[in-house]
Amino acid sequence: MKATTLLQRALASTASEPEVLHDWRARILSTILAFVAVLGVLTAAPGIWLAAQQDLWGIAWVDLAALIWVLVLWKSRRLSYEARTWNLLALIYLIGVWFLFFVGPVSQIYLIAFPVMAALLLGLRPALFALVVNAVTLMTLGYLGNTDLHVAGFDDRPFIEWVVITINFLFVNAVITLSCAVLLQQLERSLERQREIAQSLAQGQDDLRRLNTELQQAAQALNRLAYYDELTSLPNRRLLMDRLNQAQNSARRGTQGGTLLYLDLDRFKNINDARGHAAGDALLVAVAQRLVGLLREEDTVARLGGDEFVILSPHSPTDALGEARAARVVADKVREAFERPFILDGQPYDTQASIGVVVLGGTAQHAEELLRNADTAMYRAKSAGRNRVAYFEAEMQREVEAKLKLESELVQAIEQNQLDLHLQSQVDASGEIVGVELLLRWTHPTLGAIPPSRFIPIAEESNLILSLGDWVLEQGCRIQRQLREAGHPVPVSINVSPQQFHQHDFVEHALALLDQAQADPTQLIFEVTEGLLLDDLEQTIERMEALAERGIRFSIDDFGTGYSSLAYLKRLPLHELKIDRSFITDTPDDPGDTAIVQMILSMARHLELKVVAEGVETRAQSDFLSSHGCTAQQGYLHARPQSLERWLANRGRLERA
Numbered sequence: 001m002k003a004t005t006l007l008q009r010a011l012a013s014t015a016s017e018p019e020v021l022h023d024w025r026a027r028i029l030s031t032i033l034a035f036v037a038v039l040g041v042l043t044a045a046p047g048i049w050l051a052a053q054q055d056l057w058g059i060a061w062v063d064l065a066a067l068i069w070v071l072v073l074w075k076s077r078r079l080s081y082e083a084r085t086w087n088l089l090a091l092i093y094l095i096g097v098w099f100l101f102f103v104g105p106v107s108q109i110y111l112i113a114f115p116v117m118a119a120l121l122l123g124l125r126p127a128l129f130a131l132v133v134n135a136v137t138l139m140t141l142g143y144l145g146n147t148d149l150h151v152a153g154f155d156d157r158p159f160i161e162w163v164v165i166t167i168n169f170l171f172v173n174a175v176i177t178l179s180c181a182v183l184l185q186q187l188e189r190s191l192e193r194q195r196e197i198a199q200s201l202a203q204g205q206d207d208l209r210r211l212n213t214e215l216q217q218a219a220q221a222l223n224r225l226a227y228y229d230e231l232t233s234l235p236n237r238r239l240l241m242d243r244l245n246q247a248q249n250s251a252r253r254g255t256q257g258g259t260l261l262y263l264d265l266d267r268f269k270n271i272n273d274a275r276g277h278a279a280g281d282a283l284l285v286a287v288a289q290r291l292v293g294l295l296r297e298e299d300t301v302a303r304l305g306g307d308e309f310v311i312l313s314p315h316s317p318t319d320a321l322g323e324a325r326a327a328r329v330v331a332d333k334v335r336e337a338f339e340r341p342f343i344l345d346g347q348p349y350d351t352q353a354s355i356g357v358v359v360l361g362g363t364a365q366h367a368e369e370l371l372r373n374a375d376t377a378m379y380r381a382k383s384a385g386r387n388r389v390a391y392f393e394a395e396m397q398r399e400v401e402a403k404l405k406l407e408s409e410l411v412q413a414i415e416q417n418q419l420d421l422h423l424q425s426q427v428d429a430s431g432e433i434v435g436v437e438l439l440l441r442w443t444h445p446t447l448g449a450i451p452p453s454r455f456i457p458i459a460e461e462s463n464l465i466l467s468l469g470d471w472v473l474e475q476g477c478r479i480q481r482q483l484r485e486a487g488h489p490v491p492v493s494i495n496v497s498p499q500q501f502h503q504h505d506f507v508e509h510a511l512a513l514l515d516q517a518q519a520d521p522t523q524l525i526f527e528v529t530e531g532l533l534l535d536d537l538e539q540t541i542e543r544m545e546a547l548a549e550r551g552i553r554f555s556i557d558d559f560g561t562g563y564s565s566l567a568y569l570k571r572l573p574l575h576e577l578k579i580d581r582s583f584i585t586d587t588p589d590d591p592g593d594t595a596i597v598q599m600i601l602s603m604a605r606h607l608e609l610k611v612v613a614e615g616v617e618t619r620a621q622s623d624f625l626s627s628h629g630c631t632a633q634q635g636y637l638h639a640r641p642q643s644l645e646r647w648l649a650n651r652g653r654l655e656r657a
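Residue numbers (the UniProt record's numbering): 1 to 657.
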């Protein structure tokens, strides 16, 4: 039991295999010596007394000498392991030889133990040496010493008799010895394999922990750069837009009310010019701190840039009069806060704010529209004499009717084939086309070209996006086949909306359209937004994997503008990330956007994802992206969106040239 415990401890050790086995053998030797010493003391005394009674003083002296030898080895911890082991083996061997002369056949028990213990404590080679010594000893001393051991049928031939005895003894002894040696040899190999596996697992765990830490740090840094103002640490425009969209949606459903205030500091430019930019920055930080301290935890104070701040203040839903009163309360609190001067480095700074107010709900569809209305109201307040509050008043009915009319005309556009898909090329650093994105275009019979930013939101709100998405997917599969047949088998990127992707039969429907059009699934890329990951993540991953099994690849569109994708990058079957054009616009001039782009490229490189930068319009942007390892670029600098026919014609001219 103790030996088993020692072996388990050895196996659990993190030391290398030779050190583990040597330590285990050393513990076994100490245990054997202790056991033999204790047992020897208990048995030697009566044995010596009986031998003396029979006048067998030789046996008595041998027993006493052997006991003393064992006790010395047990207590001599300063001796090396090898010295103690060979002493023990020599003792066993000498006792066997002595018994061979003076006792008889019982000596073979000790001689058998000699190589077995050598195998256990020293290994195979010492064990083989002990076997040879045993064979020579038994043959030589047995025959020459005429030891009293006989084999029937060989009484008249003592030499042959001892050959037979030696062979049989050697066979049994070798089987036992080699069994022990092989067992220990396999143990050595098992320990080595276990050590290699443990090292591999430990290395893998370290790599995973390091990668996870790097991803978390990158995500935190990216989140800070993307969603917070560097100077004041307030939420920036991107984060404000997200919260504002959520608040507006809640207000339109009647589950929440709210007020949006757009602030512009009066006389800030004069202070900045007179006292310097450092003083101006310090004043902006002080304003931010005062606004945060003034409002509730659930309110959002954001800085849009310069001296412009926005406050989003949600509250419980109420009627129109209640909304107006709530807006007035917040606006008055802000105005009162600016009545006290800001003390910076002992100097007072007086500044007020012109405030534009918009009540959430109403007719505004999106955050941009709300913010634009609040901005309009703010300029009205500023033009009215500064340090004022102005409320936005929209022509609600006309806007609603205009959008409803556009929605109805969009239905007709789908039915009457007024929609078209244009191809915008994606190029690598050398200018070679490495893919195309399909962009939806609507040419109205009377209004002309209507931008997607105007009709796509209407389609999403009215569920027209489902039929629109089906049409785009079907046409996209056909275009991919046409490109392949024309000798241009480039990957084709197709935008898929979250509503479309979450349809219960989307996977089956998409694969059916693909088969019907005879498109190559390995040349199709479905572009999805980060909003896709907000609902039922597990089902989303399952559907993406089902499509990926057919060869369809996935791209995260507008990467960096949402919240969710960073946490799930490792779980999604992704092929590429598309950097949103809002980050590219001011790159490489804006340090914040430039840092975000660099971090996305670095993260994608570590995750082995392709990166496509959208909205590349200047050579400086292109050169910066190429020098930092961006795999593909898309934008007006390289190619404008074109119809399929024009795209093919341009490719033909380039190839002929």
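Where a beta carbon is used, it is the ideal one built from N, C-alpha and C, also for glycine. Since the structure is predicted, the reported quantities are computational estimates derived from the model, not experimental observations.
Cβ-based neighbour list, residue i, same chain, cut-off 7 Å, excluding 5 preceding and 5 following
i, result
"Arg252", "Gly361"
"Arg581", "Glu614, Gly615"
"Tyr349", "Ile271, Leu283, Pro341, Phe342"
For residue i, the first and last residue of its enclosing beta strand (DSSP E)
i, result
"His504", "Counting along the chain, His504 falls outside any beta strand (DSSP E), and DSSP gives it neither H nor E."
"Leu440", "433-444"
"Thr300", "300-305"
Chain-order list of residues whose beta-carbon lies under 6 Å from that of residue i (same chain, five-residue window excluded)
i, result
"Ala337", "Arg290, Leu294"
"Leu265", "Asp307, Thr351, Ala353"
"Asn272", "Gly280"
Beta-carbon proximity of residue i to residue j, cut-off 9 Å
i, j, result
"Pro498", "Gly531", "yes"
"Ser602", "Ala218", "yes"
"Thr529", "Ile556", "yes"
"Ala274", "Gly258", "no"
"Leu225", "Val301", "no"
"Lys578", "Gln518", "no"
"Leu371", "Val310", "yes"
"Val492", "Leu438", "yes"
"Thr540", "His502", "yes"
"Leu609", "Ile584", "no"
"Phe554", "Ile525", "yes"
"Leu511", "Leu483", "no"
Where residue i falls, given that 16 or more other Cβ within 10 Å makes a residue buried
i, result
"His277", "exposed"
"Trp442", "buried"
"Phe114", "buried"
"Gln397", "Note on Gln397: pLDDT 36, under 50, position unreliable in the model; the coordinate value appears next. Its Cβ having fewer than 16 others within 10 Å, Gln397 is exposed."
"Pro591", "exposed"
"Glu298", "exposed"
"residue 672", "Because the chain in this structure spans residues 1 to 657, residue 672 falls outside the shown range and cannot be described."
DSSP-derived helix/strand/coil call for residue i
i, result
"Glu82", "helix"
"Asn417", "coil"
"Asn650", "helix"
"Gln482", "helix"
"Gln256", "coil"
"Ala26", "helix"
"Gln194", "helix"
"Pro452", "helix"
"Arg340", "coil"
"Thr213", "helix"
"Lys570", "coil"
"Thr529", "strand"
"Asp593", "helix"
"Ile579", "strand"
"Asp350", "coil"
"Ala613", "strand"
"Leu208", "helix"
"Ala632", "strand"
"Arg157", "Confidence is the limiting factor: at Arg157 the pLDDT is only 46, short of 50, which leaves the residue's position unreliable, though a coordinate-based value still follows. Reduced to three states, the DSSP call for Arg157 is coil."
"His488", "coil"
"Phe392", "coil"
"Gly356", "strand"
CB contact below 9 Å: residue i versus chain C
i, result
"Asn463", "Of the chains in the structure shown, none is chain C; there is only one protein chain."
Close-in-space but distant-in-sequence residues of the same chain around residue i (CB under 8 Å, 5 per side omitted)
i, result
"Leu464", "Glu407, Leu410, Val411, Ile414, Ile458"
"Arg84", "Leu29, Leu33, Leu73, Ser76"
Start-to-end residues for the alpha helix (DSSP H) that takes in residue i
i, result
"Arg386", "Note, Arg386: premise wrong, no alpha helix (DSSP H); not H, not E."
"Arg275", "268-275"
"Ser627", "619-627"
"Glu308", "Counting along the chain, Glu308 falls outside any alpha helix (DSSP H), though it belongs to the beta strand (DSSP E) covering 308-315."
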